[in-house]
Structures are given as C-alpha cells and as structure tokens.
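What follows is a single structure, written as structure tokens, with notes after it.
Number of protein chains: 2
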Amino acid sequence: METHKELTIGLFGFGVVGEGLYKVLQQTPSLKATLKKVCIKNADKKRNAPAELFTTDREALLNDPAINVIVEVIDDADAAYAIVSRALENGKDVVSASKKMLAEHLPALLALQAKTGRSLLYEAAACASIPVIRNLEEYYDNDLLHSIRAIVNGSTNYILTKMFEEGLDFKQALVQAQQLGFAESNPKLDVEGFDAVNKWALLLTHAYGITESPENILFNGIQNIHALDAVVGREKNQAIKLVAQAQKLKNGKVAAFVLPQFVKADDHLAFVKNEYNGVEIESGFSDKQFFYGKGAGSFPTASAVLSDISALRYQYKYEYKKLYHHIPQEAAAGYYLRVYISFDDIALVPKERFEWIEEWHAQQERKYLVGVVAYDELRKHNWWRENNTSLVLTADPVIEEVETRKLKKKSLELAGIL
Amino acid sequence: METHKELTIGLFGFGVVGEGLYKVLQQTPSLKATLKKVCIKNADKKRNAPAELFTTDREALLNDPAINVIVEVIDDADAAYAIVSRALENGKDVVSASKKMLAEHLPALLALQAKTGRSLLYEAAACASIPVIRNLEEYYDNDLLHSIRAIVNGSTNYILTKMFEEGLDFKQALVQAQQLGFAESNPKLDVEGFDAVNKWALLLTHAYGITESPENILFNGIQNIHALDAVVGREKNQAIKLVAQAQKLKNGKVAAFVLPQFVKADDHLAFVKNEYNGVEIESGFSDKQFFYGKGAGSFPTASAVLSDISALRYQYKYEYKKLYHHIPQEAAAGYYLRVYISFDDIALVPKERFEWIEEWHAQQERKYLVGVVAYDELRKHNWWRENNTSLVLTADPVIEEVETRKLKKKSLELAGIL
Numbered sequence: 073m074e075t076h077k078e079l080t081i082g083l084f085g086f087g088v089v090g091e092g093l094y095k096v097l098q099q100t101p102s103l104k105a106t107l108k109k110v111c112i113k114n115a116d117k118k119r120n121a122p123a124e125l126f127t128t129d130r131e132a133l134l135n136d137p138a139i140n141v142i143v144e145v146i147d148d149a150d151a152a153y154a155i156v157s158r159a160l161e162n163g164k165d166v167v168s169a170s171k172k173m174l175a176e177h178l179p180a181l182l183a184l185q186a187k188t189g190r191s192l193l194y195e196a197a198a199c200a201s202i203p204v205i206r207n208l209e210e211y212y213d214n215d216l217l218h219s220i221r222a223i224v225n226g227s228t229n230y231i232l233t234k235m236f237e238e239g240l241d242f243k244q245a246l247v248q249a250q251q252l253g254f255a256e257s258n259p260k261l262d263v264e265g266f267d268a269v270n271k272w273a274l275l276l277t278h279a280y281g282i283t284e285s286p287e288n289i290l291f292n293g294i295q296n297i298h299a300l301d302a303v304v305g306r307e308k309n310q311a312i313k314l315v316a317q318a319q320k321l322k323n324g325k326v327a328a329f330v331l332p333q334f335v336k337a338d339d340h341l342a343f344v345k346n347e348y349n350g351v352e353i354e355s356g357f358s359d360k361q362f363f364y365g366k367g368a369g370s371f372p373t374a375s376a377v378l379s380d381i382s383a384l385r386y387q388y389k390y391e392y393k394k395l396y397h398h399i400p401q402e403a404a405a406g407y408y409l410r411v412y413i414s415f416d417d418i419a420l421v422p423k424e425r426f427e428w429i430e431e432w433h434a435q436q437e438r439k440y441l442v443g444v445v446a447y448d449e450l451r452k453h454n455w456w457r458e459n460n461t462s463l464v465l466t467a468d469p470v471i472e473e474v475e476t477r478k479l480k481k482k483s484l485e486l487a488g489i490l
Numbered sequence: 073m074e075t076h077k078e079l080t081i082g083l084f085g086f087g088v089v090g091e092g093l094y095k096v097l098q099q100t101p102s103l104k105a106t107l108k109k110v111c112i113k114n115a116d117k118k119r120n121a122p123a124e125l126f127t128t129d130r131e132a133l134l135n136d137p138a139i140n141v142i143v144e145v146i147d148d149a150d151a152a153y154a155i156v157s158r159a160l161e162n163g164k165d166v167v168s169a170s171k172k173m174l175a176e177h178l179p180a181l182l183a184l185q186a187k188t189g190r191s192l193l194y195e196a197a198a199c200a201s202i203p204v205i206r207n208l209e210e211y212y213d214n215d216l217l218h219s220i221r222a223i224v225n226g227s228t229n230y231i232l233t234k235m236f237e238e239g240l241d242f243k244q245a246l247v248q249a250q251q252l253g254f255a256e257s258n259p260k261l262d263v264e265g266f267d268a269v270n271k272w273a274l275l276l277t278h279a280y281g282i283t284e285s286p287e288n289i290l291f292n293g294i295q296n297i298h299a300l301d302a303v304v305g306r307e308k309n310q311a312i313k314l315v316a317q318a319q320k321l322k323n324g325k326v327a328a329f330v331l332p333q334f335v336k337a338d339d340h341l342a343f344v345k346n347e348y349n350g351v352e353i354e355s356g357f358s359d360k361q362f363f364y365g366k367g368a369g370s371f372p373t374a375s376a377v378l379s380d381i382s383a384l385r386y387q388y389k390y391e392y393k394k395l396y397h398h399i400p401q402e403a404a405a406g407y408y409l410r411v412y413i414s415f416d417d418i419a420l421v422p423k424e425r426f427e428w429i430e431e432w433h434a435q436q437e438r439k440y441l442v443g444v445v446a447y448d449e450l451r452k453h454n455w456w457r458e459n460n461t462s463l464v465l466t467a468d469p470v471i472e473e474v475e476t477r478k479l480k481k482k483s484l485e486l487a488g489i490l
C-alpha cells in the first residue's frame with residue numbers, strides 16, 4: 073500500500089539458504105521485492121538461476137544506489153561483518169542470518185544502527201522459522217519476563233533424541249545426523265555448544281537487554297554425554313536436552329547459561345524432538361508461552377529472512393527496548409546449580425568443589441553423582457569438562473538460597489560425608 | 073525513535089481487560105503512550121483509577137482530535153461496532169478485542185480500513201497472548217500454508233481436560249470452570265462453539281483470505297460430549313479437543329470447520345491442556361510450527377492489546393495479503409469427514425445418511441459408531457446435534473477421494489450392511 077517502501081535487494085551468498093531464498097522470493101510475488109544482484113565467491117560453480125544475476129564483485133552491490141536492502145547469508149563470519157557494516161554505512165537496510173558474526177560483533181553493530189539510522193534484522197539467526205526475536209522485541213517488557221528456556225540447536229537435539237529413543241551412543245547418532253544433513257561435516261560448532269551460545273547471546277539482548285559476548289556465557293555442548301546418562305534419564309522419565317536458559321533471580325539479575333539439562337516429561341521442551349527447536353517463555357502477563365518449529369534448513373531459514381525483508385517495507389527496526397528504554401539487566405553470578413555428573417574414575421572428581429552432594433551411584437562401571445555447585449566454580453574451572461566427565465543440569469537447576477546451602481554443607485561435613 | 077508516532081489513547085471499557093490494560097500500561101513506560109480518557113457505561117461503579125480519567129460520554133473520546141488511538145474492550149458487540157466504525161471514520165487508529173463484533177462485521181470493517189487508510193488491529197481477539205494473527209500476516213504466503221489447526225477456546229478446553237483427566241462429566245466440569253472464572257455464567261457462547269467459530273472466521277481471513285461469516289462455517293461445541301466419549305478416547309489413547317481446522321485440499325480449496333475431534337497423544341494439540349490455547353501451522357517452507365499460550369484472561373488479553381498499540385507506533389497495518397494480493401482461497405464443500413458418533417437409541421441414527429460405516433459398538437447402554445459422512449450433509453442437517461447424539465471427528469478426519477468411497481459404499485451395500 074502507499075506507505076510501503078519499494079525494496080531492491082542485493083544478496084550475498086547462494087548456498088542452500090541463498091538459493092532457498094531465491095526460490096521463496098519467486099513464489100511470493102506479493103512482496104513486490106526485486107532481487108537485483110547476487111554476489112558469490114566462486115564464479116565457476118553451476119547455479120540454478122540466470123547467469124546475469126551473479127557477480128563476484130562485492131562493490132557492485134554495496135555501491136549500487138538502486139539497491140536499498142542487503143541480504144547476507146554467507147558462511148564466512150569476517151566477510152559477513154565487513155559486508156553488513158559497509159551496507160549500513162552506505163545507507164542500506166540489512167538482513168543477516170550469520171549468528172556467529174552477529175553475536176561476536178553485536179556492540180559494534182548496535183552502534184552502527186544508532187549512527188546510520190538503518191535497520192538490521194536477523195530473525196533467521198535464532199530458531200529460524202520461530203519468530204522469537206520479533207516476539208521478544210514486541211512483547212514482555214523488561215521486568216515482566218520471568219524466564220526464557222529454549223532448544224536453539226537442531227543438530228544436537230537430533231543427536232540427543234536418537235540417543236534417547238533408539239539407544240544409539242553419541243557417535244552413532246552424530247553420524248546419522250551428518251548423513252541426514254543436520255550436522256556439519258565438522259560438527260564442533262554445533263556439538264560443543266558454540267552455535268547455541270551465539271544464538272543465546274543474541275536472544276539475551278532482545279529478552280533482557282544483556283549484551284554479553286558469547287565467551288562470557290557459561291556453556292557446554294553435548295560432546296561428553298554418555299549412553300549411561302540416557303539410561304539414567306529414562307529411569308527418571310526425563311530426557312536430556314541442550315537447554316539455553318535465562319531466569320530472573322530474586323536479586324533482579326538474570327542467571328543465563330547453555331548446558332545439557334534433564335527435562336521432565338511434562339516440560340514443554342521435552343516435546344521438542346529431532347531437529348526441531350522450541351522456546352518457552354514465562355512472563356507476568358501472558359504466563360507460559362511456547363513456540364515450536366524448525367530451527368534450521370534452507371527453507372525455514374529463507375522463510376525467516378523473507379519475513380525480515382517483508383518488515384523492511386514498513387521500515388521496521390528492532391528498538392532494543394530493554395537495552396535503551398530500560399535499565400538493562402545484568403547477568404548474574406553468585407548463584408548455584410544442581411548438577412548430575414557421570415564419570416569413569418571417582419578419584420578424578422573434585423568432591424570438595426561441590427557445595428554439597430545429594431546422591432552417589434557407584435555400583436556400575438560408569439558412576440554418577442548429583443550435587444550442588446557454584447555457578448562461579450563452573451565458569452572458572454574446567455574439571456567438569458575433562459577426564460570423560462559428563463555434566464547435566466538437573467530439572468529446575470537454579471538455587472538462590474545461600475543460607476540453607478551453608479547449613480546443609482555443614483551438616484554433611486559433620487556427618488562425615490564430605 | 074524518531075520515526076515513532078506519539079500515541080494518545082482513548083479507551084472504551086474498564087472491565088477485567090480494560091483495567092488489566094490500564095495496569096499494564098502503567099508498568100510499560102517505555103511505550104510512551106498516554107491514556108487520556110476512559111469511556112465507561114456505569115458512572116457509579118467504583119474504579120481502581122483516578123476519577124478524572126472516566127467519562128460516560130462516547131463523543132468526548134471520538135471527537136477529541138488529540139486522541140489518535142481508540143482501544144475498545146467492551147462486551148456489547150453492537151456498541152463496539154458503532155465505536156470502531158466512528159473511530160476509523162474520524163481518522164483514528166483502532167485496537168479491538170471484540171471477536172464477535174469483528175467476525176460479524178469483517179467485510180464492512182475491511183471496506184472502512186481501505187476507505188480511511190487507518191489501521192485496525194485485533195491480536196487479542198484470537199488466542200490472546202499467542203501472536204497468531206501477526207504471524208499469519210507476516211509469514212506463510214497463500215499457496216504454502218497447508219493447514220492450520222487450533223484450540224482457540226480456553227473454557228471448552230478446560231472442561232474437556234477435566235472430563236479426560238479426572239473423569240468428571242460435562243456438567244461437573246462446567247461448574248468447576250465457572251467457579252474458576254474460565255467460563256461465563258451463561259456459558260452458551262463458549263460451550264456451543266460460537267466463540268470459537270468467531271475467532272476462526274477472523275483467522276481464516278488472515279490465513280487464506282477467506283471471508284466467511286461465522287454462520288456459514290460448519291461448527292459445533294462440546295455441549296453433547298458424553299462421559300462415554302471420554303472413555304472411548306482413553307481406550308484409544310486419544311483426547312477429545314474442540315479443534316478449529318483449515319486444510320488445503322488437492323483441488324486448491326480449503327476445508328474449514330470447528331468441531332470436537334479425537335487427537336492422538338503425539339498431536340501437538342494433545343499437549344494443550346486446561347485453559348490454554350494452541351495453534352499448529354503446517355507450511356511448505358517452515359514445515360510444522362506450534363504456538364502455545366493463554367488465550368484469555370485479563371492480563372494475556374491486555375498484553376496482546378498492548379502489542380497492537382506498540383505496533384501502531386510504527387504505523388503497522390494488517391495488509392490482508394491473502395485477500396488483496398492473491399486470488400483469495402475458497403472454502404471447500406463436497407468433501408467427506410470420518411466421524412465418531414455416540415447415541416442412546418440406534419433407531420434415531422439415520423444410517424442411510426452415512427457414506428459408509430466402519431465400526432459399530434452396541435454392547436453398552438450408550439452406543440457408538442464410526443463412519444464417513446459428507447461435509448454437506450453435516451452443514452445442511454441437524455440430526456447429528458439432536459436426540460442426545462454426540463459427534464466427534466476422528467483423527468485426520470478429512471477424506472477427499474470420492475471414487476474409493478463410492479466403491480466402498482457399494483461393497484457394503486452388497487454385503488447387506490447398509
């Protein structure tokens with residue numbers, strides 16, 4: 073309608089997402105957006121689109137005054153950052169799907185958006201087809217968002233589902249995920265939690281106005297999850313998921329981490345299987361909400377990119393309300409987490425680093441315990457990632473009450489257990 | 073930021089939602105929206121807000137040039153329609169939560185939006201805290217939306233949950249819902265499906281560009297659901313839900329109805345319990361998505377109204393893309409539904425109106441059968457609502473293949489079963 077901006081798009085990248093977007097755009101004439109040029113790295117590769125659409129010259133897009141939107145779906149985070157910054161500085165709106173780049177450069181990109189007044193949208197960078205960023209922007213004013221818990225990585229969720237439902241061990245499940253295209257041939261980014269924590273850094277900004285760089289967030293992946301852990305989970309009727317969690321504490325700060333976690337059968341996240349993603353939001357006004365959908369793949373990602381392009385027509389921008397219009401929240405430290413750890417050799421478990429230990433199971437070859445440990449301990453030390461140790465948070469893992477804890481530790485000491 | 077419209081609000085209604093909104097606005101200073109005046113019907117009622125905020129004079133809001141947004145959360149559909157129309161004609165943007173009014177007057181309201189160029193938003197009118205209208209507007213281009221299935225009425229879902237999980241009969245469960253405030257003292261609108269079909273009429277417009285008035289949509293409520301139906305459901309490990317469904321057929325038309333339906337344990341909708349709502353969307357690009365949240369209540373509704381107010385700041389309008397930018401879809405007829413019906417007296421069941429019958433269970437006092445019946449039969453006749461008959465669609469109820477059906481009918485006739 074009359075208020076709509078006419079969009080002429082320059083696209084960077086024509087891999088599975090870029091090509092998906094090209095097809096989606098062709099099937100959505102109602103958008104009336106023109107794809108003028110596509111910048112690719114390798115000119116010799118055969119493409120399923122007319123040859124005149126392609127160029128290897130970045131500047132042909134960035135300096136074309138007719139192009140008012142740059143869409144960037146390339147794999148190289150450094151190149152992506154250069155492209156996105158230049159595009160904003162040249163007065164173009166930008167849509168990006170590069171979670172790693174966005175998470176690592178968010179402060180600079182926030183400054184660039186403020187300076188240029190242009191819009192940078194990236195719904196596809198977190199949970200793809202689930203419109204979680206837009207919802208966090210539009211809903212849940214700062215002090216009303218009690219918690220957000222999410223499964224943001226489809227590859228690890230696929231692997232965990234197979235370990236649970238078919239009893240595969242980690243390596244078998246990983247190979248299967250790779251064969252189906254749900255995990256990269258170098259799966260480190262997914263499996264060790266890097267992809268999840270990058271997404272979490274972005275979502276924390278929109279949820280709470282927290283701008284932590286990913287390496288300052290406590291995280292791990294599922295690389296150490298053992299077949300026994302799945303057995304223990306099944307005995308308790310709980311699944312293990314790689315859960316990204318942020319939770320408002322009584323002191324007003326936000327406990328945030330990405331770690332494997334036991335989830336009960338009636339937990340919304342237990343419902344999320346295979347390569348799907350899910351987000352559970354608990355807030356003062358709307359109570360519990362749950363969003364579920366595909367978090368990756370060419371079409372779900374392209375569809376999210378498309379919704380951003382569509383929003384640019386009415387000049388939509390993220391407002392970063394919780395960052396700019398409120399006192400931004402702070403990431404909490406000084407709280408405690410209830411954890412399960414399994415291990416081969418008890419001698420290598422530093423029991424003294426626990427506040428207290430609640431359960432011991434030493435009967436089998438692979439042993440495990442359940443205990444409470446300080447967040448700061450996990451942040452600062454790595455013993456729980458080493459020696460084939462597997463750490464999984466228990467359901468409802470966050471403990472705030474320090475007094476009870478101290479008392480309990482003392483009583484266990486007196487009883488000679490610690 | 074600079075592009076934002078300053079909002080000055082005139083509010084109609086100060087019941088649970090109006091007062092909820094007043095509180096939510098006070099707790100969301102970041103919105104920078106001013107509530108200038110509230111129009112109420114009864115001046116003598118005590119209100120939890122300063123007296124100078126209130127007036128009983130409609131014109132004081134509608135004719136105030138300083139007020140640029142009218143928010144309407146009143147119960148009276150006729151008055152709501154008069155207010156919303158006048159407000160649009162006076163150049164004000166409007167937010168409404170009156171599903172009945174909206175569903176019944178949608179064609180006139182579409183014309184008014186086109187004529188005045190003003191924005192009419194109503195996220196709160198369907199599924200309240202679930203942003204389903206906005207998502208249907210922004211995602212899922214016409215021919216890509218395979219189906220949408222939803223639980224849109226919290227009262228009936230609460231009642232059905234109690235019948236299933238606690239074995240209550242319909243009347244006991246209804247009384248409990250009323251005591252908890254999930255059902256009106258006159259529960260007819262909820263229980264007999266009127267509320268659900270009003271919401272469904274709205275969602276069909278945003279999903280498929282279908283503008284059917286509610287009375288042209290096949291619907292029923294849960295008033296006839298019998299305790300035996302719950303027993304049968306439990307035996308099959310299926311729940312009964314009041315499901316609003318729309319599904320693209322092979323002929324390109326859309327089968328749409330609101331009827332009780334058996335849902336399997338792994339169906340997303342089986343997950344939706346008590347007073348919650350849920351929406352499952354299946355589309356070409358994003359595959360299956362699922363949204364879950366509170367569909368009613370003062371704060372969830374107020375929160376949805378608030379998100380609409382927030383969107384008005386950047387002059388957001390529904391585009392009704394599927395209606396205006398595509399060939400709108402047509403509601404289908406001429407397809408078939410697989411149904412379960414239970415009844416007291418077999419003599420009163422018109423077996424000849426079924427295409428074929430697949431199961432008979434006549435051993436108990438209350439009897440049931442499973443068979444296939446034409447959509448048009450259910451649309452045009454009422455035998456299935458009468459004589460204490462209870463009709464529940466089976467899981468996956470839509471049947472398109474006519475040839476197989478005819479063959480089957482013939483074979484059953486030959487076998488002497490019909």
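First to last, the protein sequences are chains C and D.
Here the working numbering is used: the first residue of the first sequence is 73, the next is one more, and so on.
Here the working numbering is used: the first residue of the second sequence is 73, the next is one more, and so on.
Beta carbons are placed, not taken as given, at the ideal position from N, Cα and C, and that holds for glycine.
Review point. If we cut at 9 angstroms on Cβ distances, does Glu13(C) have a partner in chain D?
Key: For residue 13(C) there is no data in the structure shown, the boundaries of chain C being 73 and 490.
Check your understanding: Can you round the beta-carbon distance between Val263(D) and Thr228(D) to whole angstroms, since I take them to be within the 8 angstroms contact cut?
Key -> 6 angstroms
Point to revise | CB contact check: Gly87(D) to chain C, cutoff 9 angstroms | key: no
Review point. When we look at the beta-carbon of Gln333(C) and count the other beta-carbons within 10 Å, is it buried (16 or more) or exposed?
Key: buried
Review point. Looking at chain C, which residues of the region 330 to 342 of chain D have a Cβ within less than 8 angstroms of any of its Cβ atoms?
Key: His340
Check your understanding: Do three or more CB pairs link the region 392 to 400 of chain D to the region 388 to 399 of chain C at distances below 8 angstroms?
Key -> no
Exercise for review: Give every residue of the same chain whose Cβ lies closer than 8 angstroms to the Cβ of Met73(D), excluding the five residues on either side of it in the sequence, and list them in chain order.
Suggested key: Reliability of the predicted coordinates at Met73(D) is poor, the pLDDT of 39 falling under 50, and the value obtained from them is presented with this limitation in mind. If we look at Met73(D) and ignore the five residues flanking it on each side, it has no Cβ neighbours.
**Study point:** Where Val326(D) falls: helix, strand or coil (DSSP)
**Key:** strand
Point to revise | Complete alpha helix (DSSP H) runs within the region 174 to 244 of chain D (minimum length 4 residues, chain order) | key: 204 to 210 and 226 to 237
Check your understanding: Between the beta-carbon of Leu134(D) and the beta-carbon of Asn162(D), is there less than 9 angstroms?
Key -> yes
Review point. Are the C-beta of Pro422(D) and some C-beta of chain C separated by less than 9 angstroms?
Key: It does not: the Cβ of Pro422(D) has no partner Cβ on chain C nearer than 9 angstroms.
Check your understanding: beta strand (DSSP E) containing Ala311(D): first to last residue?
Key -> Gln310 to Lys320
Exercise for review: Under 7 angstroms Cβ to Cβ from His298(C), same chain only, skipping five residues before and after it: list those, please.
Suggested key: Ser414, Arg438 and Ser462
Point to revise | C-alpha distance - Tyr194(D) paired with Phe371(D), whole-angstrom precision | key: 15 angstroms
Point to revise | Below-9 angstroms beta-carbon distance, Gly82(D) vs any chain C residue | key: no
Check your understanding: So is Lys172(D) buried or exposed if we call it buried at 16+ other beta carbons inside 10 Å?
Key -> Buried, since its Cβ has 16 or more Cβ neighbours within 10 Å.
Exercise for review: Would you grab the beta carbon distance between Ile139(C) and Thr128(C) for me? Rounded to a whole angstrom, and I think it's under 8 angstroms.
Suggested key: Under the criterion of beta carbons closer than 8 angstroms, Ile139(C) and Thr128(C) do not qualify as touching, at roughly 16 angstroms.
Check your understanding: Which residue or residues does DSSP assign as beta-bridge partners of Ala105(D)?
Key -> Leu79(D)
Check your understanding: Hey, is Tyr230(D)'s beta-carbon within less than 9 angstroms of any beta-carbon in chain C?
Key -> no
Check your understanding: Counting along the chain, where does the beta strand (DSSP E) carrying Phe266(D) start and finish?
Key -> Not the beta strand (DSSP E): Phe266(D) falls in the alpha helix (DSSP H), residues Phe266 to Tyr280.
Check your understanding: DSSP on Arg410(C), reduced to helix/strand/coil?
Key -> strand
Review point. Helix, strand or coil for Glu352(C) per DSSP?
Key: strand
Check your understanding: According to DSSP, is Ser379(D) helix, strand or coil?
Key -> helix
Practice item. Taking 9 angstroms as the cut-off, decide whether the C-beta atoms of His453(D) and Leu441(D) are in contact. Key: Cβ atoms of His453(D) and Leu441(D): not closer than 9 angstroms.
Exercise for review: Specify the secondary structure class of His340(D) as computed by DSSP and reduced to three states.
Suggested key: helix
Review point. Which whole-angstrom value describes the C-beta separation of Val335(C) and Lys313(C), a residue pair presumed to lie in contact below a C-beta threshold of 8 angstroms?
Key: 5 angstroms
Practice item. From the DSSP output, in three-state form, read off Ile429(C) for me. Key: strand
Check your understanding: Are the C-beta atoms of His278(C) and some chain D residue less than 9 angstroms apart?
Key -> no
Review point. Residues in its own chain within less than 6 angstroms of Asn207(D) by CB, not counting five upstream and five downstream?
Key: none
Review point. Among residues of its own chain, excluding the 5 on either side of Asn346(C), which ones have a beta-carbon nearer than 6 angstroms to its beta-carbon?
Key: Tyr230 and Thr233
Check your understanding: Does the Cβ of Asp144(C) have 16 or more other Cβ atoms within 10 Å, making it buried, or fewer, making it exposed?
Key -> The identity of residue 144(C) in the sequence shown is Glu, whereas the question assumes Asp. Answer is buried; the Cβ neighbour count reaches 16.
Review point. Given a threshold of 16 other Cβ atoms within 10 Å of its Cβ, counted over all protein chains shown, does Gly82(D) qualify as buried or as exposed?
Key: Flag for Gly82(D) reads buried.
Review point. From the DSSP output, which residues share a beta bridge with Asp301(C)?
Key: Looking at the DSSP assignment, Asp301(C) forms no beta bridge with any residue, so it has no partner.
Exercise for review: Rank Glu131(C), Gly85(C), Asn225(C) and Asp416(C) by C-alpha distance to the C-alpha of Gln491(C) and give the top, closest one.
Suggested key: Residue 491(C) lies beyond the stretch modelled for chain C, which goes from 73 to 490, so this question has no answer here.
Check your understanding: Just how far apart, CA to CA, sit Ala105(C) and Glu427(C)?
Key -> 58 angstroms
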